[in-house]
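Peer 1: 139 is the number of the first residue of the sequence shown in the working numbering; add one for each residue after it. All C-beta atoms, glycine included, are put in the ideal place defined by N, C-alpha and C.
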Amino acid sequence: MTIELNQVTTLFLAMALFLLGNFLVRKIGIFQKFCIPAPVVGGLLFAILATILKATGLVSFNLDTSLQNLFMLTFFATVGLGASFALIKLGGKLLIIYWVACGFLAIMQNVIGVSMSYLFNIHPLIGMMAGAVSMEGGHGGATAYGTTVEAMGIDSAFSIGIAAATFGLIAGGLVGGPLVKYLIKKHDLKSTEVEESHEYVAEAHDPAINVDNFTMQAFLIVASMAGGSLLGDVFTRVTSTFMENPIVLPNYVGAMFVAVVIRNVVDRINGNIVHMRSITLIGDVALGIFLSMALMSIKLWEVAGLALPLLVIVFVQVVFLVLFAIFVLFRILGKNYDAAVMCAGFAGHGLGATPNAMANMAAVTARYGPSRTAYLIVPIVGAFLIDVVSMPIIITTINIFS
């Protein structure tokens, strides 16, 4: 029997799993202990249940996750609306260091994937599909580049990339919390900020939420989403005029960029229009629903059926990232609490996606205290700047081994 869920019922299920995850995180100590995000808990539980039901031949689910992109857009618009130019200055040297580290990770992910492909006697581009394409690139990168690689005659590149990205999405949500907990305990780290200074927490002088200010924030968010979608379309058309393969600007990147512009223009006009308390509320809910929807729709039976080489390659990618974060990234970022929180974000988007990074950091800061620096640097680099360096790295790898 197949259970079909439409847009509304899929959304209902995602929200129910989000609430279930919140309940389980509060009640089960191990989830709090390792800072596992609530959407990861709820979404993975359903994915496991769906896999068992399908394997036993009882029930399979067909989910309509078309609203997933809407919630992702909403979340990144709230991120952009929280970034004023005055705060960008706080990134400074740390932002550059973090960005360079992400570029180095992309190189090493491709080196690992290609090197291990020779070990298992498979095509190097198959190994690359379990590298930066699907790790830092996530499902979007796996979809885009997988299609390109298959067009070059490499069969199953797309499915391998999707499977690797799925494993990375799970791993990115699971390892971030334990990684940061280890760093915090080992180095006795503490947040130096009061709760009101957190980038995504309302400042003390913010008025209470009411219909008027909440509606205005909703309008700013939707305006950012609409402007970002148009920007992405225009960018693709412009690059297609002088490039055989036009550069695609993801709509969530466009939404975040437009939101930053709107925030700073609005602040120049009236510094009281943006109401961070409302922005925070909308962003937190959107992030939770997006992650729940993404994880509950994972087809674990496809991951379980992967060939041994792919599983080993992805496992090595996870181990490398964790070791790099502990022994290199944490140190060059300053060996402090902000550096530890940024390592959580690094694990999230280095293996899965930027929403994973934000969920990891949200889980950590909810327990150990805020980190404005991490919340400034990670989304800017993870959602946009990383593409500037990862794209030429991936294209070069494809050209070398095609």
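1) From Gly269, Arg415, Ile427 and Ala504, pick the residue whose C-alpha is nearest to that of Asn348; which is it?
2) Is the region 478-498 in contact with the region 174-182, if contact means three or more CB pairs nearer than 8 Å?
3) By Cβ distance, which residues of its chain are closer than 6 Å to Met431, with the 5 residues on each side in sequence left out?
4) Using CA atoms only, rank isn't needed, just tell me which of Ile141, Thr148, Thr147 and Phe156 is closest to Val423.
5) Would DSSP call Glu341 helix, strand or coil?
6) Using the three-state DSSP reduction, which class does Glu274 fall into: helix, strand or coil?
7) Are the beta-carbon atoms of Ala303 and His277 separated by less than 9 Å?
8) Write down the C-beta distance between Leu482 and Asn498 rounded to the nearest angstrom, noting that I regard them as a contact closer than 8 Å.
9) What separation, rounded to the nearest whole angstrom, lies between the Cα atoms of Val527 and Gly507?
10) With a floor of 4 residues, list each alpha helix (DSSP H) that falls wholly inside the region 414-470, ordered by position along the chain.
11) Does Asp525 pass the burial test, meaning 16 or more other C-beta atoms within 10 Å, or should it be called exposed?
12) Assign Ile264 to buried or exposed, taking buried as 16 or more other Cβ atoms, counted over all protein chains shown, within 10 Å of its Cβ.
13) Specify, as a first and last residue, the run of the beta strand (DSSP E) that Asn200 falls within.
14) Is the beta carbon of Ala356 closer than 9 Å to that of Ile451?
15) Check each candidate in Phe352, Gly311 and Met290 and name the one with the smallest Cα separation from Met273.
16) Opposite Ile141 in the DSSP bridges: which residues?
17) Can you give, in chain order, each stretch of the alpha helix (DSSP H) that sits fully within the region 149-190 and has at least 4 residues?
18) How far does the alpha helix (DSSP H) with Val412 in it extend, from its first residue to its last?
19) Using only the alpha-carbon positions, how far apart do Lys323 and Leu317 sit?
20) Count the other CB atoms, across all protein chains shown, that sit within 10 Å of the CB of Phe305; report buried if there are 16 or more and exposed otherwise.
21) What are the complete alpha helix (DSSP H) segments, minimum 4 residues, inside the region 242-300?
22) Here's the rule I'm using: 16 or more other beta-carbon atoms within 10 Å means buried, otherwise exposed. How should Gly241 be labelled?
23) Compare the Cα-Cα distances from Ser297 to each of Asn402, Ala268 and Arg164 and report the closest residue.
24) For the alpha helix (DSSP H) that Ile359 lies in, which residues bound it at each end?
25) In three-state DSSP terms, what is Leu523?
26) Which same chain residues, not among the five before or five after Met139, have their C-beta less than 8 Å away from its C-beta?
27) Would you call the CB atoms of Leu448 and Ala397 closer than 9 Å?
28) What is the DSSP secondary structure of Thr534, counted as helix, strand or coil?
29) Between Arg401 and Gly218, is the Cβ-Cβ spacing less than 9 Å?
30) Under a three-way DSSP split, which group does Asp405 fall into?
Peer 2: Judging by the given coordinates:
1) As a position in the sequence shown, residue 348 is number 210, starting the count at 1. The residue with the shortest Cα to Cα distance from Asn348 is Arg415.
2) yes
3) Stepping through the sequence shown from its first residue, residue 431 is reached at position 293. The residues are Ala152, Thr203 and Gln206.
4) Working through the sequence shown from its first residue, we reach residue 423 at position 285. Closest option to Val423, Cα to Cα, is Phe156.
5) As a position in the sequence shown, residue 341 is number 203, starting the count at 1. Note that Glu341 scores a pLDDT of 45, beneath 50, so its modelled location is shaky; the value from the coordinates is reported in the next line. Coil, per DSSP.
6) Numbered from its first residue, the sequence shown carries residue 274 at position 136. Three-state DSSP puts Glu274 in coil, outside helix and strand.
7) Taking the sequence shown and counting its residues from 1, one reaches residue 303 at position 165. Taking the sequence shown and counting its residues from 1, one reaches residue 277 at position 139. Contact flag set, yes.
8) Working through the sequence shown from its first residue, we reach residue 482 at position 344. Working through the sequence shown from its first residue, we reach residue 498 at position 360. For the record, residue 482 in the displayed sequence is Ala; it is not Leu. Sure, about 4 Å apart at Cβ, within 8 Å.
9) For the purposes of this step, residue 527 is taken as residue 389 along the sequence shown, with counting starting at 1. For the purposes of this step, residue 507 is taken as residue 369 along the sequence shown, with counting starting at 1. Looking at the two C-alpha atoms, the distance is approximately 32 Å.
10) 414-434, 438-442 and 446-462
11) The residue labelled residue 525 in the question sits at position 387 within the sequence shown. Buried is the call here.
12) As a working mapping, residue 264 is identified with position 126 in the sequence shown. With 16 or more other Cβ atoms within 10 Å, it is buried.
13) Reading the sequence shown from its first residue, position 62 is the one you call residue 200. Where Asn200 is concerned, the enclosing beta strand (DSSP E) stretches over Ser198 to Leu201.
14) As a working mapping, residue 451 is identified with position 313 in the sequence shown. As a working mapping, residue 356 is identified with position 218 in the sequence shown. Contact flag unset, no.
15) For the purposes of this step, residue 273 is taken as the residue at position 135 of the sequence shown. Nearest of Phe352, Gly311 and Met290 to Met273, Cα basis: Gly311.
16) Here residue 141 refers to the residue found at position 3 of the sequence shown. DSSP lists Phe199 as partners of Ile141.
17) 167-171
18) Translated into positions along the sequence shown, residue 412 becomes position 274. No alpha helix (DSSP H) holds Val412; DSSP gives it neither H nor E.
19) By 1-based counting over the sequence shown, the position of residue 323 is 185. By 1-based counting over the sequence shown, the position of residue 317 is 179. Answer to the nearest angstrom: the Cα atoms are 10 Å apart.
20) Here residue 305 corresponds to residue number 167 of the sequence shown, with the count starting at 1. The residue is buried, with at least 16 neighbouring Cβ atoms inside 10 Å.
21) 262-266 and 276-289
22) Sequence index remark: in the sequence shown, residue 241 carries index 103 (1-based). Classification for Gly241: buried.
23) Here residue 297 refers to the residue found at position 159 when the sequence shown is read from its first residue. When only C-alpha atoms are compared, the closest one is Ala268.
24) Walking along the sequence shown from the start, residue 359 turns up at place 221. Its alpha helix (DSSP H) spans residues Val349 to Ser378.
25) Position 385 of the sequence shown, counted from the start, is the residue given in the question as residue 523. If DSSP states are grouped into helix, strand and coil, Leu523 belongs with the helices.
26) In the sequence shown, counting from the first residue as 1, residue 139 sits at position 1. Cβ within range, chain order: Leu196, Val197 and Ser198.
27) As a first step, residue 448 is located in the sequence shown; it is residue number 310 there, counting from the start. As a first step, residue 397 is located in the sequence shown; it is residue number 259 there, counting from the start. Contact flag unset, no.
28) The count along the sequence shown starts at 1 and reaches residue 534 at position 396. Here Thr534 sits in helix by DSSP.
29) The residue labelled residue 401 in the question sits at position 263 within the sequence shown. The residue labelled residue 218 in the question sits at position 80 within the sequence shown. The answer is yes: Cβ separation under 9 Å.
30) Translated into the one-based positions of the sequence shown, residue 405 becomes position 267. Here Asp405 sits in helix by DSSP.
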